[in-house]
Amino acid sequence: MSAQPLAIRIRRHATTLSFLAPALIGIVVFFGYPLVSAVYFSFTKFDLLSTPQWVGLANYRRMADDPFLLQSVRNTLWMVAVFVPVRIVSAIGLAVLLTQLKRGAGFFRTIFFLPSLAPPVAATIAFVYLLKPGTGPVNTALAHLGIDGPLWFSSPEWAKPSLVLLGLWGIGDLMVIFLAGVLGVPTSLYEAAALDGANAWHRFRYVTLPTIRPVILFAAVTGVIYTLQYFDQAAVAGSIASGQATTGGGISQSFGFPEGSTFTYPLWLYTVGFRYHALGYANALAVALFAVAFAVTVILLRRAKAFSGEETS
Amino acid sequence: MTAVLETPPTVVPSPPAARRARRQNRLAWIGRHSIAIALAVMFLTPVVYLVLISLMTSDQALTSDYWPNSWHPENYVRVFEVTPLPRYLLNTMLYALTATALMLLSSVPAAYALAKLRFRGRNLLFLVIICVMMLPPQVVTVPLYLMWARNGLTGSLWPLVIPTLFGDAFAIFLLRQFLLTIPQEYLDAAKVDGCGEWRTLIRVVLPMARPGIAAAGLFQFFYCWNDYYGPLLYTSENEQAWTLSLGLASFHSVHHVDWNLVIAATVLTMAPIIVVFFFAQRAFVQGVTLTGVKG
Chain A
1 MSAQPLAIRI RRHATTLSFL APALIGIVVF FGYPLVSAVY FSFTKFDLLS TPQWVGLANY
61 RRMADDPFLL QSVRNTLWMV AVFVPVRIVS AIGLAVLLTQ LKRGAGFFRT IFFLPSLAPP
121 VAATIAFVYL LKPGTGPVNT ALAHLGIDGP LWFSSPEWAK PSLVLLGLWG IGDLMVIFLA
181 GVLGVPTSLY EAAALDGANA WHRFRYVTLP TIRPVILFAA VTGVIYTLQY FDQAAVAGSI
241 ASGQATTGGG ISQSFGFPEG STFTYPLWLY TVGFRYHALG YANALAVALF AVAFAVTVIL
301 LRRAKAFSGE ETS
Chain B
314 MTAVLETPPT VVPSPPAARR ARRQNRLAWI GRHSIAIALA VMFLTPVVYL VLISLMTSDQ
374 ALTSDYWPNS WHPENYVRVF EVTPLPRYLL NTMLYALTAT ALMLLSSVPA AYALAKLRFR
434 GRNLLFLVII CVMMLPPQVV TVPLYLMWAR NGLTGSLWPL VIPTLFGDAF AIFLLRQFLL
494 TIPQEYLDAA KVDGCGEWRT LIRVVLPMAR PGIAAAGLFQ FFYCWNDYYG PLLYTSENEQ
554 AWTLSLGLAS FHSVHHVDWN LVIAATVLTM APIIVVFFFA QRAFVQGVTL TGVKG
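Here the protein sequences come in this chain order: A and B.
Residues in the first sequence are numbered consecutively from 1, following my numbering.
Residues in the second sequence are numbered consecutively from 314, following my numbering.
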């Protein structure tokens with residue numbers, strides 16, 4: 001390298017830079033700058049009209065006794081604890097089922113995959129309608145079976161489980177990732193296990209699961225990150241189920257319906273920032289969110305080989 | 314002796330164990346396929362049901378009926394007349410198409426550099442891009458909103474389109490993973506022929522990377538089409554700039570549009586995605602798989 005004349009080296013760097021320039025500018029302007037500002041703003045107090053005033057740690061102290069924050073953190077943690085594992089287990093189940101089908105695997109894969117592409121707002125409206133307590137088809141069908149269906153999106157106990165159902169409908173992308181993982185398990189491992197007399201469950205438990213562990217880690221981390229930013233479905237379900245205004249100035253009034261049960265962390269952040277215009281506090285909430293998301297990302301980066309930046313070829 | 318030779322090979326009567334195993338296999342086969350069919354019905358029911366509701370009268374759509382008493386395909390025309398759906402559709406198309414085109418223009422070269430060029434800090438840059446990809450958008454929402462507001466661009470979709478000119482972290486990641494699979498020999502051959510890096514990218518790499526580019530483009534298009542948070546943040550104040558997702562969420566509550574029409578609009582919002590998917594299924598599934606970890 002050092003043997004190359006300076007002019008050639010400069011030209012080489014210029015070429016590399018010409019490929020990367022837009023992305024580098026993008027990272028600085030739309031990631032670096034706002035991230036640094038968010039940290040700075042989190043120590044200030046201001047709204048859309050006033051200029052930021054330094055208040056030190058006041059915003060962070062305020063987080064300690066904010067009942068709405070507590071409620072939104074509880075809801076988001078509930079989603080992390082239930083939504084993420086349920087989605088992973090179901091996606092693995094679907095993927096394994098697909099590999100066991102001798103006929104029509106491609107057909108079933110398409111059917112299971114498609115709903116994951118549905119626009120979240122459209123899917124949410126569809127589910128609120130399907131699960132309407134009085135006349136919705138699900139409760140009507142349950143009534144035929146003699147079951148008194150729950151109030152789903154209109155009941156504080158069932159609203160989050162209803163969101164989980166909605167999330168299960170859109171499980172297809174995760175399923176495809178696991179399908180690739182399950183298909184990547186070398187058949188020789190299964191044959192060896194079968195020789196040792198392992199039954200189907202043992203083969204799954206001791207061959208499939210350990211082999212796809214990196215994929216599970218990947219799904220868990222991206223699932224947690226996804227759940228931390230869970231916004232669209234919670235916002236739309238609350239407003240459609242409550243029958244209140246969803247957009248413009250009225251948007252956040254229906255957040256969390258019913259009784260705050262769907263009030264997630266991002267909804268509170270949005271409310272603080274864009275309804276109350278407490279921009280300093282909103283940035284403190286954003287920094288806290290960043291800290292958690294970053295910590296979770298680091299787990300993935302430290303474990304997963306594909307992310308280490310090594311060339312595979 | 315000959316008699317022995319002439320005896321026909323004895324048909325071994327399958328021992329009961331083998332027969333049982335075969336029957337069990339068949340039962341398992343039927344079981345697995347029954348589960349798959351039941352699940353497929355469950356996955357399809359919401360969509361079928363939506364289509365049926367969208368063809369009912371507004372009164373029947375409020376009942377618990379599954380089947381329309383009379384068919385009203387004209388609902389799909391009416392929803393264009395009684396709601397600003399044409400406006401929303403146009404905005405969504407413009408947003409999704411421009412964003413996708415600009416994103417590809419800026420992300421493909423960056424991904425190429427990350428996959429195939431050697432330079433100091435390459436691994437670090439890749440790590441940063443993964444961090445950007447993982448970052449919940451809400452973290453930078455307030456400072457970005459203030460930035461766009463200072464420039465007078467809130468109330469339009471520009472704050473969502475302009476950043477795509479400067480690359481998209483997820484697309485760069487996806488494209489880089491794809492470009493790594495292109496053998497170095499092709500690039501070396503191009504260099505021997507006297508191609509510079511840009512010529513190599515355009516002449517040699519682009520044609521080979523078409524499936525990867527298609528997947529990245531589709532992801533971006535679908536992301537924009539489905540996006541709710543972005544348009545809500547920047548365009549709530551100006552209904553002229555609303556997208557389908559934003560408009561759809563407000564039909565029933567804000568505009569008091571009848572349910573049959575809301576559902577018709579919901580179906581219309583889903584339909585293009587399904588059509589595009591069937592044309593590009595291969596590229597798409599390949600793309601989703603690439604996002605997972607290898608090995």
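Ideal Cβ placement from N, Cα and C applies to all residues, glycine included.
Note that the structure is a prediction, hence the values are computed from the model and not measured.
- Beta-bridge partners of A/Trp54, as assigned by DSSP: By 1-based counting over the first sequence, the position of residue 54 of chain A is 54. BP columns for A/Trp54 point to A/Thr44.
- Item | Closer than 7 Å at the beta carbon, the chain A residues around B/Gly480 | Numbered from its first residue, the second sequence carries residue 480 of chain B at position 167. Residues of chain A with a Cβ closer than 7 Å to the Cβ of B/Gly480 are, in chain order, Pro22, Ala23, Gly26.
- Query: Could one say the Cβ of B/Ala596 lies closer than 8 Å to chain A's Cβ atoms, at least one of them?
  - Reply: Position 283 of the second sequence, counted from the first residue, corresponds to residue 596 of chain B. No - not a single Cβ of chain A is within 8 Å of the one on B/Ala596.
- Would you report the Cα separation of A/Ala193 and A/Thr208, rounded to the nearest angstrom? The residue given as residue 193 of chain A occupies position 193 in the first sequence. The residue given as residue 208 of chain A occupies position 208 in the first sequence. Computed Cα separation, rounded: 11 Å.
- Item | 7 Å CB neighbourhood of B/Leu363 in its chain, flanking five on each side removed | Working through the second sequence from its first residue, we reach residue 363 of chain B at position 50. Closer than 7 Å at Cβ, skipping near neighbours: Ile576, Thr579, Val580.
- Item | CA-to-CA distance, B/Arg431 to A/Arg12, given in whole angstroms | Indexing the first sequence from 1 puts residue 12 of chain A at position 12. Indexing the second sequence from 1 puts residue 431 of chain B at position 118. Straight-line Cα distance between these residues: approximately 10 Å.
- Item | Beta-carbon spacing of A/Ala220, A/Val84 below 8 Å | Locating residue 220 of chain A in the first sequence gives position 220, counting from the first residue. Locating residue 84 of chain A in the first sequence gives position 84, counting from the first residue. Yes, the pair counts as a contact, with Cβ atoms nearer than the cut-off.
- Message: Residues of chain A with CB closer than 7 Å to the CB of B/Trp538, please, in chain order.
- Response: Within the second sequence, the letter at position 225 stands for residue 538 of chain B. In chain order, Pro119 make up the part of chain A whose C-beta sits under 7 Å from the C-beta of B/Trp538.
- Message: Between B/Arg516 and chain A, is any beta-carbon pair separated by less than 8 Å?
- Response: In the second sequence, counting from the first residue as 1, residue 516 of chain B sits at position 203. Interface criterion not met: the Cβ of B/Arg516 is under 8 Å from no Cβ in chain A.
- Task: State yes or no: is the beta carbon of A/Asn75 nearer than 8 Å to at least one beta carbon in chain B?
- Result: Mapped onto the first sequence, residue 75 of chain A falls at position 75. Output row for A/Asn75: interface = no.
- Ordered list of beta strand (DSSP E) runs contained in the region 172 to 260 of chain A, each at least 3 residues: none
- Task: Determine the closest residue to A/Phe255 out of A/Phe107, A/Val298, A/Ile27, A/Gln71, with distance taken between C-alpha atoms.
- Result: To locate residue 255 of chain A, count along the first sequence from 1; it is residue 255. Looking at the Cα atoms, A/Gln71 is the closest of the given residues.
- Message: Suppose you measure from the CA of A/Phe294 to the CA of A/Thr222; what does that come to, to the nearest Å?
- Response: Within the first sequence, numbered from 1, the residue matching residue 294 of chain A stands at position 294. Within the first sequence, numbered from 1, the residue matching residue 222 of chain A stands at position 222. The alpha-carbon of A/Phe294 is positioned some 12 Å away from that of A/Thr222.
- Message: For a test of the three-state rule: what should DSSP assign to A/Thr315, helix, strand or coil?
- Response: Because chain A here runs from 1 to 313, residue 315 of chain A falls outside it and cannot be looked at.
- Query: Looking only at C-alpha atoms, which of B/Pro359, B/Gly507, B/Val601 sits nearest to A/Ala180?
  - Reply: Along the first sequence, one-based indexing puts residue 180 of chain A at 180. In terms of Cα proximity to A/Ala180, the closest of B/Pro359, B/Gly507, B/Val601 is B/Val601.
- Query: So what's B/Asn464 in DSSP terms, helix, strand or just coil?
  - Reply: On the second sequence, position 151 is the one that residue 464 of chain B refers to. In this structure, B/Asn464 counts as coil in the three-state DSSP scheme.
- Just how far apart, CA to CA, sit B/Thr358 and A/Val28? As a position in the second sequence, residue 358 of chain B is number 45, starting the count at 1. As a position in the first sequence, residue 28 of chain A is number 28, starting the count at 1. B/Thr358 and A/Val28: Cα-Cα distance of roughly 46 Å.
- Message: By the three-class DSSP mapping on this structure, what secondary structure does A/Gly170 have?
- Response: What you label residue 170 of chain A is simply residue 170 of the first sequence in a count that begins at 1. Residue state, collapsed to three classes: coil.
- Own chain, CB closer than 7 Å to B/Thr445, minus 5 neighbours either side, in chain order: Walking along the second sequence from the start, residue 445 of chain B turns up at place 132. It is Val, not Thr, that sits at residue 445 of chain B in the sequence shown. If we look at B/Val445 and ignore the five residues flanking it on each side, its Cβ neighbours are Ala482.
- Output the distance between the C-alpha atoms of B/Gly543 and A/Asn199, rounded to the nearest integer angstrom. For the purposes of this step, residue 543 of chain B is taken as residue 230 along the second sequence, with counting starting at 1. For the purposes of this step, residue 199 of chain A is taken as residue 199 along the first sequence, with counting starting at 1. Taking the straight line joining both Cα atoms gives about 50 Å.
- Task: Mind the definition here: the region 253 to 271 of chain A touches the region 223 to 235 of chain A only if three or more C-beta pairs lie below 8 Å; say whether that holds.
- Result: yes
- Message: Relative to the C-alpha of B/Leu574, which candidate in B/Asp372, B/Trp380, B/Leu470 has its C-alpha closest?
- Response: Within the second sequence, the letter at position 261 stands for residue 574 of chain B. With distances taken between Cα atoms, B/Leu574 lies closest to B/Asp372.
- Message: Taking the straight line between their C-alpha atoms, what separation do you get for A/Gly260 and A/Gln233?
- Response: Indexing the first sequence from 1 puts residue 260 of chain A at position 260. Indexing the first sequence from 1 puts residue 233 of chain A at position 233. When rounded, the distance between both Cα atoms is 14 Å.
- Task: Measuring only between beta-carbons, confirm whether A/Ala14 sits less than 8 Å from chain B.
- Result: On the first sequence, position 14 is the one that residue 14 of chain A refers to. No - not a single Cβ of chain B is within 8 Å of the one on A/Ala14.
- Query: Looking at B/Val453 and A/Pro34, is the spacing between their C-beta atoms short of 8 Å?
  - Reply: By one-based count along the first sequence, residue 34 of chain A stands at place 34. By one-based count along the second sequence, residue 453 of chain B stands at place 140. Yes; because the gap between Cβ atoms is below 8 Å, this pair is in contact.
- Query: Taking C-alpha atoms, which residue in B/Trp380, B/Asp378, B/Tyr458, B/Ile485 lies nearest to B/Val441?
  - Reply: In the second sequence, counting from the first residue as 1, residue 441 of chain B sits at position 128. The candidate whose alpha carbon is nearest that of B/Val441 is B/Ile485.
- Message: Which residue marks the beginning of the alpha helix (DSSP H) containing B/Lys429, and which one marks its end?
- Response: For this step, residue 429 of chain B is matched to residue 116 along the second sequence. That run of the alpha helix (DSSP H) goes 398 to 429.
- For A/Phe112, is the classification buried or exposed, using 16 other Cβ atoms within 10 angstroms of its Cβ as the cut-off for buried? On the first sequence, residue 112 of chain A is found 112 positions in, with the first residue counted as 1. By the neighbour-count rule (16 or more Cβ atoms within 10 Å), A/Phe112 is buried.
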